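Data first, discussion second: the structure below is written as structure tokens.
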Amino acid sequence: MTLEKGASIPVYATEGSSGADIHAYLPEGAITLKPGAFQLIPTGICMEIPKGFEVQVRPRSGLAAKFGVTVLNSPGTIDSDYRGEVKVILINHSDSNFIVRHGERIAQLVTAKTANVQFNAHERLKETARGEGGFGSTGT
161 MTLEKGASIP VYATEGSSGA DIHAYLPEGA ITLKPGAFQL IPTGICMEIP
211 KGFEVQVRPR SGLAAKFGVT VLNSPGTIDS DYRGEVKVIL INHSDSNFIV
261 RHGERIAQLV TAKTANVQFN AHERLKETAR GEGGFGSTGT
């Protein structure tokens, strides 16, 4: 991992945390997210993720519950071959301005194993009990 000067390394808040908190990297000043607005927020970190893994960018529940602010493309995926700066798309779903300040925890990173599969076309799929039942088909 590389860090810009003044950037924060991701950190797990508790021993049982699945996600490591990442912080806004805004040494030049805060960003105001107006109601309904979204913006790419820099973190000042770049990562080298092992092949066979991804890092997911997920919302922080406290920001969502208290301020209506969340990650727009949740979960976002950082692929193992990406070497650029990690940035987070935050959106403000509230009716009030939300100020993102340097060093503020804005999202969390969860590491997950991945597998590449071969996609094949077939004329028919194997039958299952569920069949084509989609959204809500298994109950409420």
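Per this note's numbering: the sequence shown = residues 161 to 300. All C-beta atoms, glycine included, are put in the ideal place defined by N, C-alpha and C. Model, not experiment: these values are computed from the prediction.
Contact between residue 240 and residue 209 holds: their C-beta atoms lie close to 4 angstroms from each other, under 8 angstroms. Secondary structure within the region 186–215: the beta strand (DSSP E) runs of 3 or more consecutive residues, fully enclosed, are 191–193, 198–206 (chain order). In the structure shown, the three-state DSSP call for residue 258 is strand. Sixteen is the threshold: since fewer than 16 other Cβ atoms of the shown chains lie within 10 Å of the Cβ of residue 259, the residue is exposed. In the structure shown, the three-state DSSP call for residue 222 is helix. Linking residue 197 to residue 235 through their CA atoms gives a straight-line distance of about 19 angstroms. Take residue 173, set aside five residues on each side of it, and the residues of its chain with a beta-carbon closer than 7 angstroms to its own are 181, in chain order. Note: residue 285 is not bridge-paired with any residue in the DSSP secondary-structure output. By the neighbour-count criterion, in which 16 or more other beta carbons inside 10 Å mark a residue as buried, residue 189 falls on the exposed side.
For residue 239, there is no enclosing beta strand (DSSP E), as DSSP marks it with neither H nor E. Within a 10 Å sphere around the beta-carbon of residue 168 sit 16 or more other beta-carbons, which makes this residue buried. With fewer than 16 other beta carbons inside 10 angstroms of its own, residue 243 counts as exposed.
The Cβ atoms of residue 231 and residue 272 do not sit closer than 7 angstroms to each other.
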